Amino acid sequence: MGNFSGMIGSKVVLDAALEHGTPFYLYDEQAIAGNCRRLLAMPNAYGLTVRYAMKANSNRSILKIISRQGLKIDASSMNEARRAAAAGIPYKDIILTTQEVPCDGEMLSLQEMIKSGLKYNVCSLRQLFNIGDFAAANKVALAIRIHPGVGSGESASRNTGDNYSCFGIHLYDLDKALGFAKEKGIVFDHVHIHIGSGGDPIAWRDNIDLELNIIERHFPDALTASFGGGLKVARMPDEEAADIEGLGRYAKERLEGFFQKTNRRLEMEVEPGNYVVALAGFIVTRVIDKKKTGGDGLNFLVLDGGMELNTRPLLYAARHPFYVVSKSGDLLYSDFDDAGGHSAGSYTAVPVGKCCETGDSQSLDSAGLNLPRKMAEPEVGDFFVIGGAGAYCSSMSPMNYNSHVQAAEVLYSPGGLQVIRRRQSLEQLMANEA
Ligand SMILES: *Cc1c(COP(=O)(O)O)cnc(C)c1O
Numbered sequence: 001m002g003n004f005s006g007m008i009g010s011k012v013v014l015d016a017a018l019e020h021g022t023p024f025y026l027y028d029e030q031a032i033a034g035n036c037r038r039l040l041a042m043p044n045a046y047g048l049t050v051r052y053a054m055k056a057n058s059n060r061s062i063l064k065i066i067s068r069q070g071l072k073i074d075a076s077s078m079n080e081a082r083r084a085a086a087a088g089i090p091y092k093d094i095i096l097t098t099q100e101v102p103c104d105g106e107m108l109s110l111q112e113m114i115k116s117g118l119k120y121n122v123c124s125l126r127q128l129f130n131i132g133d134f135a136a137a138n139k140v141a142l143a144i145r146i147h148p149g150v151g152s153g154e155s156a157s158r159n160t161g162d163n164y165s166c167f168g169i170h171l172y173d174l175d176k177a178l179g180f181a182k183e184k185g186i187v188f189d190h191v192h193i194h195i196g197s198g199g200d201p202i203a204w205r206d207n208i209d210l211e212l213n214i215i216e217r218h219f220p221d222a223l224t225a226s227f228g229g230g231l232k233v234a235r236m237p238d239e240e241a242a243d244i245e246g247l248g249r250y251a252k253e254r255l256e257g258f259f260q261k262t263n264r265r266l267e268m269e270v271e272p273g274n275y276v277v278a279l280a281g282f283i284v285t286r287v288i289d290k291k292k293t294g295g296d297g298l299n300f301l302v303l304d305g306g307m308e309l310n311t312r313p314l315l316y317a318a319r320h321p322f323y324v325v326s327k328s329g330d331l332l333y334s335d336f337d338d339a340g341g342h343s344a345g346s347y348t349a350v351p352v353g354k355c356c357e358t359g360d361s362q363s364l365d366s367a368g369l370n371l372p373r374k375m376a377e378p379e380v381g382d383f384f385v386i387g388g389a390g391a392y393c394s395s396m397s398p399m400n401y402n403s404h405v406q407a408a409e410v411l412y413s414p415g416g417l418q419v420i421r422r423r424q425s426l427e428q429l430m431a432n433e434a
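Each residue of the sequence shown is one higher than the one before, starting from 1 at the first, in our numbering.
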């Protein structure tokens, strides 16, 4: 009783809050490791590499847990690649898939990383042209990210594959890229399409077919087909997670079909972020105030952390599960346990943060309006916990707005609680100001 999911429950929340003060992120090591093992067990035809898209959560301790399980890394920037290296992950286990166009010193630094084994996934013609001479001279095979012109995402704004987004080399430019590569003698041994985050499994399967067609037609040297991330997780009770076994079986069948047709065995790669960490993280806050906007208005719960810890509701109207835990550590309400004796009654409220910003809410509809949620009524001083917060919360935070300091990150493992990032101090917040 009292567990939210995995090892984390109201008792751990209370212990961690008493020791470290709120607000903070709380991660479950065993849940992360379990997700890694499930991914590595995906069916595949000729080998599988699972890369963790580290932009989801870039904390060094989290990276270490994941790499110990045998996952490699997808980095979205050169600094992410450097952070992975600082966590002890060798460059040969990192692919760089970035919007950056490094020049001068950064270009030299990229070349050093590539010499150390980093795989460079070119995402634009300019990136390809800039690395061309180096790749040709050093005989380094490149990866290429294709923009397929179609995509999928939990919301339109998270679809990275359609014509309203700009990630990868669009099919429209493929001939130019291939022509340049041919002229220079550059080989693409790795083809990559990532169509979007939290996407729909049908689109994910369609993408496999699309990508294999592109590889068959244009990439005679490809050894690896990367199908990207976007394996959906179910944050809310009414959501359905991707069936990664089923997707793996589908990919296996298609890769075997590809082999029969072409006599080429392609290794498969996936690069999930959400799937690895999203459900293994929580944000622990305290209710610091309660307000009501008139007789037929809304109830508001003011929490001691909001958009600066989780900006996803504001960015995509994302929904996260809520838990109410009393001051003494009793679980009063869980979105997953409505009928389980935790009295929800008829109380509804909007949990908001302490920023002076209307969008600082943990429950917004797609028009950006506050959406009350059913729960048990907490008292001021009770804990309010936001689930599904392991991915794209800490790493994506507008953290110093209103001069609130970056929150601590705490890891729960069977050995106990451990701070894996200290709370920022006000001095640190101001440190670089003149
Ligand atoms: C963000 C991203 C991912 C991870 O997406 P998830 O939805 O977190 O699985 C994978 N690959 C690339 C290139 C990305 O940009």
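Note that beta-carbon positions come from the ideal geometry of N, C-alpha and C, so glycine has one too. Nothing here was measured: the structure is a model prediction, and the numbers come from that model.
Heavy atom of ligand 3 less than 7 Å from the Cβ of Asn274, yes or no?
-> Annotation note on ligand 3: not contained in the displayed structure, which lists ligand 1 as its ligands.
Cβ-Cβ distance between Asp189 and Asp162 below 8 Å = no
Per DSSP, cross-strand counterpart(s) of Leu142 | Phe188
Inter-residue spacing [alpha-carbon to alpha-carbon] between Tyr46 and Ala143 | 19 Å
Three or more C-beta pairs below 8 Å linking the stretch 205–224 and the stretch 253–262 | yes
Rounded to whole angstroms, what's the CA-CA distance from Ile208 to Arg145? Just pull it up for me.
-> 14 Å
Return helix, strand or coil for Gln30, following the three-state DSSP convention.
-> helix
Hey, would you say the C-beta of Gly230 is under 7 Å away from at least one heavy atom of ligand 1?
-> yes
Minimum length 4: unbroken alpha helix (DSSP H) runs contained in the stretch 303–373 | 312–316
According to the neighbour-count rule (16 or more other Cβ atoms, all chains shown, within 10 Å of its Cβ), is Gly340 buried or exposed?
-> Residue placement at Gly340 is poorly supported in this model, since its pLDDT is 45, which falls under 50; the coordinates are not used for a value here.
So Gln424 and Gln406 are in contact, right, with Cβ under 8 Å, and what is the actual spacing, rounded?
-> 4 Å
Report yes if the CB atom of Val324 is closer than 8 Å to the CB atom of Met375, and no otherwise.
-> yes
Beta strand (DSSP E) segment containing Gly246, residue limits | Element bounds for Gly246: not the beta strand (DSSP E) but the alpha helix (DSSP H), Ile244 to Thr262.
DSSP three-state call for Arg126: helix, strand or coil?
-> helix
When every heavy atom of ligand 1 is checked, does at least one fall within less than 7 Å of the C-beta of Ala56?
-> yes
Kindly list the residues whose CB is nearer than 6 Å to the CB of Gln69, restricted to its own chain and excluding five residues on each side of it in sequence; keep chain order.
-> Ala33 and Cys36
Collapsed DSSP secondary structure at Val132 in the structure displayed | According to the sequence as given, residue 132 is Gly; it is not Val. DSSP places Gly132 in helix when its eight states are reduced to three.
Determine the extent of the alpha helix (DSSP H) in which Arg51 is found, giving its start and end residues.
-> That residue, Arg51, is in no alpha helix (DSSP H); its beta strand (DSSP E) goes Leu48 to Ala53.
Can you tell me which of the three DSSP states Ala286 falls into?
-> Residue identity check: residue 286 is Arg in the sequence provided, not Ala. It is a strand residue.
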